[in-house]
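Here our numbering is used: position 1 in the sequence shown is -19, and no number is missing along the way.
From the three backbone atoms N, C-alpha and C, an ideal C-beta is built for every residue, glycine too.
Here is the structure we will look at.
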Amino acid sequence: MDKNNINSTLTGFENTEVNGQGNSGENIQDSAIFENCRKILDECRAEAAKRLVGQGQVIDAILTAIITGGHVLLEGVPGLAKTLAVKTFAELSGLDFKRIQFTPDLLPADVSGTLIYEQNTGNFSVRKGPVFTNVVLADEINRAPAKVQSALLEAMAEKQVTIGEKTYPLPQPFLVLATQNPIEQEGTYNLPEAELDRFLLKVLVSYPAPQEEIQIVKTAGKAGDVAVKKVLSAQKIKDLQSAFEKVVCADKIIEYMVNIVSVTRNLNTGRRTEFSKYISFGASPRSGIALLQCSKVKALFVGRSFVLPEDVKNAACEVLRHRLVLSYEAAADGITADEIISKILTFVPVP
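The following block contains the structure:
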């Protein structure tokens, strides 16, 4: 989108969402709300940067999840501070935090909880699992078999857990931050597509740049000892969520999102493209909802009250990369999901 189109889009939003109400005190108040949200998010980023070097995208993804009520899958080789990022967020937010180390011998009851028979009373009592908390770190989630991974499905989708005949609501807010190692094959299990679709975002944690790695080495592995302040309270989270609900998105941009998603599953419509052969199954309708949510948060990060096409483009890879099932041709040609998504963004007309 060129500069003139951006200015035109901005003008259109201003006429629709601001000028329609005039220069009222309500508009000034809304501007102050969005500016305050930007400051809160910047403060969280700055505080996390005391420990984390060059992993801003991870913190942004976690903040996006806490605002939207979603979950995040972090993928990267060992030693890239994935676990440290989750622990740091838990500390600066003050939320209850529990870590589950996924192993091949883990059972579903070890995650969600179970009923225990008490011999003295002859009754069953409920032992709630570690999933009953605000922030769950599912460390190396791909080391547990599918039946254990599936124990998280109800918790992630419904924010509740059924134990025996009763259903128990989970604390709010609730988010699952899962990590997985992409290079190890022995003793690992692929995540079911149904579970992958429950993750709002998938973030690829990459190696740090040389200058960033110099700073990391200087910490001598003691970055976790650096103190961070609690800058994100329950009230601030509610303020962020309230502002998120006020971010507007034009119908044309929502149509743009739907077009991006629909192109990934055009195999049954006859609209084949150059990258159609690389996709076996496209993204679900849930991905369109996630794309809208993440685009709104992108706007919130800069204190803006409306969504631009650039927000959609910036969110597309993290939202869609784990929702595409690639074909054998993609593996044979060395084509990644990110490359396909990039081609789709150039293929779909921008409003």
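query                                                                                                                            : result
Length of the line joining the Cα atoms of residue 314 and residue 169                                                           : 22 Å
Own chain, CB closer than 6 Å to residue 92, minus 5 neighbours either side, in chain order                                      : 109, 111, 131 and 141
Nearest-angstrom Cβ-Cβ length linking residue 283 and residue 17, presumed shorter than 8 Å                                      : 7 Å
Span of the beta strand (DSSP E) around residue 158                                                                              : 155 to 160
Proximity to residue 186 [Cα-Cα], best of 163, 174 and 307                                                                       : 163
C-beta contact flag for residue 35 and residue 65 at 7 Å                                                                         : yes
Chain-order list of residues whose beta-carbon lies under 8 Å from that of residue 62 (same chain, five-residue window excluded) : 38, 54, 56, 159 and 185
For residue 230, three-class secondary structure by DSSP                                                                         : coil
7 Å Cβ cutoff met for residue 200 and residue 31                                                                                 : no
Nearest-angstrom Cα separation, counted from residue 176 out to residue 1                                                        : Confidence in residue 1 is poor, its pLDDT being 40 and thus under 50, which makes the residue's placement unreliable; the coordinate value appears in the next sentence. Cα-Cα distance, rounded: 42 Å.
Simplified DSSP assignment, three categories, for residue 182                                                                    : strand
Under the three-state DSSP convention, the category residue 93 falls into                                                        : strand
Pick from 153, 129, 106 and 115 that is closest to residue 146, judged by C-alpha positions                                      : 106
Opening and closing residue of the beta strand (DSSP E) in which residue 77 lies                                                 : 77 to 81
First and last residue of the uninterrupted beta strand (DSSP E) at residue 146                                                  : 146 to 149
Every unbroken beta strand (DSSP E) within the segment 249 to 314, with a cutoff of 3 residues, ordered by chain                 : 259 to 261
The segment 206 to 219 in contact with the segment 273 to 293 per 3-pair CB rule at 8 Å                                          : no
Whole-Å CB distance - residue 299 paired with residue 271, under 8 Å assumed                                                     : 5 Å
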